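**Q**
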Amino acid sequence: MPSLTRTIAAAIGGMSAIVAALQLRPAPTPAVSPFDRPTAEIWPAVATWSPTLEDEYAAFVARLGDAVEARTCRGLQGCLRDPAANLLWDGSDATLDIVVDCADLPYLLRAYFAFKRRLPFGFVSAVDGAAGRDIRYTRDVHPVAWKTWRDFPTPRDLFEHMVNYVHSGMFRTAPTVEDADFYPVAVDRRAIRPGAIFYDPNGHVLVVARRTASGAIYLLDGHPDGTLTWTRFGEALALGGADQGGGFRAFRPLLLAGDALVRTPNAGLPLYDPDAQHDRARWQVDGTAVGYHAWIRGTVADDPDADPVDGLRDEIRALCRDVGERLDAVDLALAGGLADQPHPPDLPENIYGTDGDWELYSTPSRDARLKAAVRETANALAALPDREAHVDALAAAWREEVARPACRFAYYDSRGLPVAFTIETVIDRLFELSFDPYHCPELRWGAPAGSAELASCPDDADKRAWYAREQRLRNQIDRDYGAPTPLDRGPLERPAIDPRRWLIGEVR
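If you read the sequence shown in this note's numbering, its first letter stands for residue 1299, the second for the next number, and so on.
1. Tell me the start and end of each unbroken alpha helix (DSSP H) in the segment 1339-1376 that is at least 4 residues and wholly inside, in chain order.
2. Looking at the secondary structure, which residues open and close the beta strand (DSSP E) in which Ile1802 lies?
3. Output the distance between the C-alpha atoms of Ile1396 and Val1366, rounded to the nearest integer angstrom.
4. Who does Lys1445 pair with in a DSSP beta bridge?
5. Going by DSSP, what residue range makes up the alpha helix (DSSP H) through Asp1760?
6. According to DSSP, is Arg1508 part of a helix, a strand, or is it coil?
7. How long is the line joining the alpha carbons of Leu1320 and Asp1796, rounded to whole angstroms?
8. Mind checking which residues open and close the alpha helix (DSSP H) that includes Tyr1659?
9. Classify Val1317 as helix, strand or coil using the three-state DSSP reduction.
10. On the DSSP letters alone, give me the boundaries of the alpha helix (DSSP H) that Thr1723 sits inside.
11. Less than 7 Å between the CB of Tyr1481 and some heavy atom of the ligand PLP, yes or no?
12. Here's the rule: buried if 16 or more other CB atoms are within 10 angstroms of the residue's CB, otherwise exposed. What is Asp1734?
13. Determine contact between the segment 1724-1744 and the segment 1631-1650, defined as no fewer than three beta-carbon pairs at a distance below 8 Å.
14. Can you tell me whether DSSP reads Gly1285 as helix, strand or coil?
15. Note the first and the last residue of the continuous beta strand (DSSP E) segment covering Tyr1410.
16. Under three-state DSSP, which class holds Gln1542?
17. Since Ala1276 contacts Gln1774 with CB under 8 Å, what's their CB separation in whole angstroms?
18. Can you look up Pro1793 in the DSSP assignment and give me helix, strand or coil?
19. Any beta carbon of chain D sitting closer than 8 Å to that of Leu1569?
20. By how many angstroms is the C-alpha of Leu1771 removed from the C-alpha of Asp1786?
21. Output needed for Val1442: all residues of its chain with C-beta closer than 7 Å, excluding positions within five of it in sequence on either side, in chain order.
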């Protein structure tokens, strides 16, 4: 597991003293948890948000990220209860009971840190926007209600309220909305660091946990089932428009003015930049026009001349991590018994943004991000200026990485027998992997028609028909949360995005 020093040095620098100060000694669990004591008593706002405390917050998030990457904890509750993962840990954290999804995660991290450091905390508690649409995907979003930590009897009441009421629409505000919780940041190493937020207007929110010397950015990703995963920043995450709030953002610092809680206006934010991320003319690296994601990486890199072979290794490892996390998600659906239930008569109006069992157990968004990551790897290889000079080293790196244990997997078929597969199996079957939680595990992992592997699948004719009808949706890479997703939504043909074609000269 990478050390905290390496993690933070790449993003912040010079924080060893901060980290040392955060190493709190274990304390016994009190008789009454601090989270259940009266807010007025246990949470006096005696500190003020400052650059030093923002650095401490970054260190806190980065350490949690280390633990999620190493998979020593799988959800926020487990991470905060672990003294090795939580720089602010004390005995009272054993009483925490927090399950968060992606939108809850940044709010809960910020609130927890504010509580531990006795800082003021507040949040937008309700937003409004254009009528007639899901508030998570509408336009003209603006706050209409606000709450502070003082509005809740106990800290636990605050945490539970946010888990129940915060949603991704609260991030969907234009840069000029100054009474919102977030603001767009400059593309700068000081801003895009642990604790920063990336908002994908398709309804996804992630928290930056690491930035490497080569400009690779890793984020914490919360899911409806309460798990946290480690995600590499790339084309799987959409920028959207400025008025939708898309891109990298940060919390507005909060100030107490008497009893009032004041959000810092844009004029008082040195790293506020409403235009840079959405100005395509700025998307250049060494004078060459590039896409948004490549521009971000190139701009925040400490070492812009990173070895392309190392970059490919990093991308393969990220893909393997994504597959491992998909394995967990599919297993969760199987454990929930959905594969044993009849298929519903209809799919949700939008397969990416819904609720209930489909939101909890299906994987269309996760699968789309995996496809986008594979496509990005292929595009990066295709665009490499001196690929021929590196092709032997790149091909060797590919072979070495895909042979690692972390890139080899097994799922249990409908008989309970293990079926081994690799990252290359997944790439071969990328557009056959079923996102539908009502399908058998064999179809969830794209077992070929007529194969011995598929023979153990007990799905009836109706479920098999749904699998066939969903093919065009499986062919879709880019998600759209704001429109219906009928069965004819995607392309007829499977996109050709296999990165191996650029390594061995064979079009797969």
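Every residue, glycine too, gets a C-beta built ideally from N, C-alpha and C. In this text the structure is predicted, and so the values were computed from the model without any measurement.
**A** Taking the coordinates as given:
1. 1349-1368
2. In the sequence shown, residue 1802 corresponds to position 504, counting from 1. Per DSSP, Ile1802 belongs to no beta strand (DSSP E); it is in the alpha helix (DSSP H), 1799-1802.
3. Counting from 1 along the sequence shown, the entry for residue 1396 is found at position 98. Counting from 1 along the sequence shown, the entry for residue 1366 is found at position 68. Rounded to whole angstroms, Ile1396 to Val1366 spans 16 Å at the Cα level.
4. Taking the first residue of the sequence shown as 1, we reach residue 1445 at position 147. Paired residue(s): Phe1421.
5. Mapped onto the sequence shown, residue 1760 falls at position 462. First-last of the alpha helix (DSSP H) with Asp1760: 1759-1767.
6. Counting from one through the sequence shown, the residue named residue 1508 turns up at place 210. DSSP places Arg1508 in strand when its eight states are reduced to three.
7. Along the sequence shown, one-based indexing puts residue 1320 at 22. Along the sequence shown, one-based indexing puts residue 1796 at 498. Low confidence applies to Leu1320: its pLDDT is 45, below 50, so where it sits in the model is not reliable, and the reading given next is rough at best. Approximately 45 Å between the Cα atoms of the pair.
8. Within the sequence shown, the letter at position 361 stands for residue 1659. It spans 1654-1659 - the alpha helix (DSSP H) in which Tyr1659 sits, taken as one unbroken run.
9. Here residue 1317 refers to the residue found at position 19 of the sequence shown. Residue placement at Val1317 is poorly supported in this model, since its pLDDT is 43, which falls under 50; the coordinates are not used for a value here.
10. Position 425 of the sequence shown, counted from the first residue, corresponds to residue 1723. From DSSP, the alpha helix (DSSP H) with Thr1723 extends over 1721-1726.
11. This structure lacks the ligand PLP; in fact it carries no ligand of any kind.
12. Position 436 of the sequence shown, counted from the start, is the residue given in the question as residue 1734. Around the Cβ of Asp1734, a 10 Å sphere holds 16 or more other Cβ atoms; the residue is buried.
13. Between the segment 1724-1744 and the segment 1631-1650 there are three or more C-beta pairs closer than 8 Å, enough to call the two in contact.
14. Missing from the structure shown is residue 1285; the chain here goes from 1299 to 1806 and no further.
15. For this step, residue 1410 is matched to residue 112 along the sequence shown. No beta strand (DSSP E) holds Tyr1410; the alpha helix (DSSP H) holding it covers 1402-1414.
16. Counting from one through the sequence shown, the residue named residue 1542 turns up at place 244. Helix at Gln1542.
17. This structure cannot speak to residue 1276, because the chain is shown only from 1299 to 1806.
18. In the sequence shown, counting from the first residue as 1, residue 1793 sits at position 495. Pro1793: coil per DSSP, three-state reduction.
19. Looking for chain D here will not work: only one protein chain is present.
20. In the sequence shown, residue 1786 corresponds to position 488, counting from 1. In the sequence shown, residue 1771 corresponds to position 473, counting from 1. Between Asp1786 and Leu1771, the C-alpha separation is close to 7 Å.
21. Reading the sequence shown from its first residue, position 144 is the one you call residue 1442. For Val1442, same chain residues with a beta-carbon under 7 Å away, outside a window of 5 residues either side, are Ala1424, Val1425, Asp1426 in chain order.
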